[in-house]
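Engineer: Sequential numbering of the sequence shown, starting at 56, is according to the working numbering.
Have a look at this one before I ask anything.
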Amino acid sequence: MPKDKTNSGWIKIHRKIVDSDIFTDDLAFKVFMWILCTVDVKSGTKKSGRFWASEILGIKPTTYYQVLKRLEKKYQLISLKSDNKMTTILVNKWNEYQKTNDNKMTTNRQQNDTTQEYKNIRNNINDFSSGFEKDCIEAVEVFNKYRGTKHRSIKSIYSNFCKYRETYSNEEIIQAIKNIPKFNWWNQHADLEIVFRTKNKNGECDNIGKLLNSKPDRSPSDYQLDLIRIEDDNRTDN
56 MPKDKTNSGW IKIHRKIVDS DIFTDDLAFK VFMWILCTVD VKSGTKKSGR
106 FWASEILGIK PTTYYQVLKR LEKKYQLISL KSDNKMTTIL VNKWNEYQKT
156 NDNKMTTNRQ QNDTTQEYKN IRNNINDFSS GFEKDCIEAV EVFNKYRGTK
206 HRSIKSIYSN FCKYRETYSN EEIIQAIKNI PKFNWWNQHA DLEIVFRTKN
256 KNGECDNIGK LLNSKPDRSP SDYQLDLIRI EDDNRTDN
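Set out below in structure tokens:
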């Protein structure tokens, strides 16, 4: 499973979980733990496309959707709201179970984390303001690897990258970039600024969401050959 470097911190899990029904449902338990570790820490919500989520979890898209419905209906641990693009997952009773003000140690840690966060923002205020520099650099590096490009700066996309990070985790954005070769149009036209564009002539757009949640229209053999060619070119340049 790809690692999301932004998934720092911790969550609470009661020991009684080993006595619950979901503990014996291996796949549901795995998916639920993944949801807990990747939802927004304040709201307990997460936007999820079944194609990229199933790839991360190593299961079929239909299986992923069935597990979500099981978590919602049978175990009543989550609530789902779906449209034709993605599913919004809400962890039930998130604020009740994940309260962080129940002991002095947690409160002090929160205060320290908040103080450090403000320091980081102040230190980078001249160039950047959202604290996503490292994430953006990683995204550019992955784009270069998968597209055979040599971008060296994040300034042209950083503002839009931060807007996307309000909705998507860094893990999701990286997966979206990796999905580019799977689509004919994106494979032919995608450059760094197009991928992170947030507006077009029709208004606001969500290119990261499209890359995550659309069904690929290229065969695996085609886009894997492209990746092999790009890797060969990179080795030649080095």
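Cβ atoms here follow ideal geometry from the backbone N, Cα and C, with glycine treated the same way.
Around the Cβ of S276, are there at least 16 other Cβ atoms within 10 angstroms (buried) or fewer (exposed)?
Structural biologist: exposed
Engineer: Consult DSSP for I133 and reduce its assignment to one of helix, strand or coil.
Structural biologist: strand
Engineer: I'd like the list of long-range same chain contacts for F216, defined as Cβ closer than 8 Å, with 5 residues on each side in sequence excluded.
Structural biologist: Counting only Cβ-Cβ distances below 8 Å, and skipping sequence neighbours, we find F187, D190, C191, A194, I209, I228, F251.
Engineer: Tell me which same chain residues have a C-beta within less than 6 Å of the C-beta of T142, skipping the five on either side of it?
Structural biologist: Excluding the 5 residues flanking it on each side, T142 has same chain C-beta neighbours closer than 6 Å at S103, L135, in chain order.
Engineer: With burial defined as no fewer than 16 other Cβ atoms inside 10 Å of the residue's Cβ, what is the status of N225: buried or exposed?
Structural biologist: Residue burial annotation: N225 is buried, with at least 16 other C-beta atoms found within 10 angstroms of its C-beta.
Engineer: In the DSSP output, which residue or residues are listed as bridge partners for L145?
Structural biologist: L145 is bridged to T100, S134.
Engineer: Would I263 pass as a contact of Y223 if the rule is Cβ separation under 8 Å?
Structural biologist: yes
Engineer: What are the complete beta strand (DSSP E) segments, minimum 3 residues, inside the stretch 78-123?
Structural biologist: 100-103
Engineer: For F198 and L266, which I take to be in contact (beta-carbon distance under 8 Å), what is that distance rounded to the nearest angstrom?
Structural biologist: Not quite, the Cβ-Cβ distance comes to about 12 Å (not below 8 Å), so this is no contact.
Engineer: Assuming C191 is part of the alpha helix (DSSP H), what are its boundary residues?
Structural biologist: Where C191 is concerned, the enclosing alpha helix (DSSP H) starts and stops at 188-202.
Engineer: Is the CB-CB distance between V146 and V94 below 8 Å?
Structural biologist: A Cβ-Cβ contact shorter than 8 Å links V146 with V94.
Engineer: Is the beta carbon of I111 closer than 8 Å to that of K101?
Structural biologist: no
Engineer: Does the beta-carbon distance from Y152 to K85 come in below 8 Å?
Structural biologist: Going by C-beta atoms, Y152 is not nearer than 8 Å to K85.
Engineer: Rounding to the nearest angstrom, what Cα-Cα distance links N242 and K115 in this structure?
Structural biologist: 24 Å
Engineer: Assign V122 to one of two classes, buried (16 or more other C-beta atoms within 10 Å of its C-beta) or exposed (fewer than that).
Structural biologist: buried
Engineer: When burial is assigned at 16 or more other CB atoms within 10 Å of the CB, is R220 buried or exposed?
Structural biologist: buried
Engineer: Look at F106 and N268 and say whether their C-beta atoms are less than 8 Å apart.
Structural biologist: Cβ atoms of F106 and N268: closer than 8 Å.
Engineer: I need the boundaries of the alpha helix (DSSP H) containing C217, first residue and last residue.
Structural biologist: 213-220
Engineer: Assign F78 to buried or exposed, taking buried as 16 or more other Cβ atoms, counted over all protein chains shown, within 10 Å of its Cβ.
Structural biologist: Exposed, since its Cβ has fewer than 16 Cβ neighbours within 10 Å.
Engineer: Using the DSSP secondary-structure output, state which residues sit across from N262 in a beta bridge.
Structural biologist: Beta-bridge pairing links N262 to no other residue.
Engineer: Using CA coordinates, which residue listed in K218, K256, N150, E196 is at the minimum distance from G370?
Structural biologist: This structure cannot speak to residue 370, because the chain is shown only from 56 to 293.
Engineer: Who are the Cβ neighbours of T170 in its own chain at under 7 Å, not counting the five residues just before and after it?
Structural biologist: Any reading at T170 must be qualified, since the residue scores a pLDDT of 46, below 50, and its modelled position is unreliable; no value is offered.
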